[in-house]
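Encoded as structure tokens, the structure appears first; notes follow it.
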Amino acid sequence: MLDAAEPVQADRVLRRKDELAVVDSTDRVAILDLDDLTCPPRVLEGTAAAIWQLVDGVRSERDICQELAEAYGAPFEVVADDVAAFLNQMVEAGLLVEAAVAVIDEGSGVEQ
312 MLDAAEPVQA DRVLRRKDEL AVVDSTDRVA ILDLDDLTCP PRVLEGTAAA IWQLVDGVRS
372 ERDICQELAE AYGAPFEVVA DDVAAFLNQM VEAGLLVEAA VAVIDEGSGV EQ
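Position one of the sequence shown corresponds to residue 312 (this note's numbering), numbered consecutively onward.
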């Protein structure tokens, strides 16, 4: 597994960059950055593919860790370290970006 450069950012919500070509299969994901053709295609397998498939712009990093911990029967803390490291690598590579999360004012029901 990966060494975490930073701790898990529990409330961080990421999404895939818009300009990607992604091919998903059951156990593998191929990614091509269409904006940066100097960036080599990436093929993710195993837990890396599982993490990538859960990044949807809605789930928080904590949610992703929880789902994977349950799916693999692993301690949350161990999963969190690996998820944080992988997500940070994908952000540094420009393949994942912060998702805009709408906040609804409970009093008025208006999006802020």
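Ideal Cβ positions, reconstructed from N, Cα and C, are used throughout, including at glycine.
Assuming the contact rule is C-beta atoms closer than 8 Å, residue i and residue j should be a hit. Round their C-beta distance to whole Å, please.
i: Arg327; j: Val366; result: 6 Å
i: Ala411; j: Leu325; result: Between Leu325 and Ala411 the Cβ distance is about 11 Å, and since that is not below 8 Å, they are no contact.
i: Asp374; j: Ala360; result: Asp374 to Ala360, Cβ: 18 Å. No contact.
i: Val340; j: Trp363; result: 5 Å
Between residue i and residue j, what straight-line distance do the alpha-carbon atoms span, to the nearest angstrom?
i: Arg353; j: Ser371; result: 23 Å
i: Leu407; j: Met401; result: 6 Å
i: Val390; j: Leu348; result: 32 Å
i: Ala315; j: Leu398; result: Unreliable placement is indicated for Ala315, whose pLDDT of 42 sits below 50; the coordinate value is still reported in the next sentence. Cα-Cα distance, rounded: 10 Å.
i: Ala382; j: Glu356; result: 16 Å
Going by DSSP, name the residue or residues bridged to residue i.
i: Leu407; result: Arg327
i: Glu356; result: Arg339
Just mark residue i as buried or exposed, buried being the case when its beta carbon has 16 or more other beta carbons within 10 Å.
i: Asp329; result: exposed
i: Val421; result: For Val421, the pLDDT reaches just 49, beneath the cut-off of 50, and the residue's location in the model is therefore unreliable, although a value from the coordinates is still provided. Label assigned to Val421: exposed.
i: Leu379; result: buried
Worksheet item: Between the region 370 to 386 and the region 337 to 356, do three or more beta carbon pairs fall short of 8 Å?
Response: The region 370 to 386 makes no contact with the region 337 to 356, as fewer than three CB pairs between them are under 8 Å.
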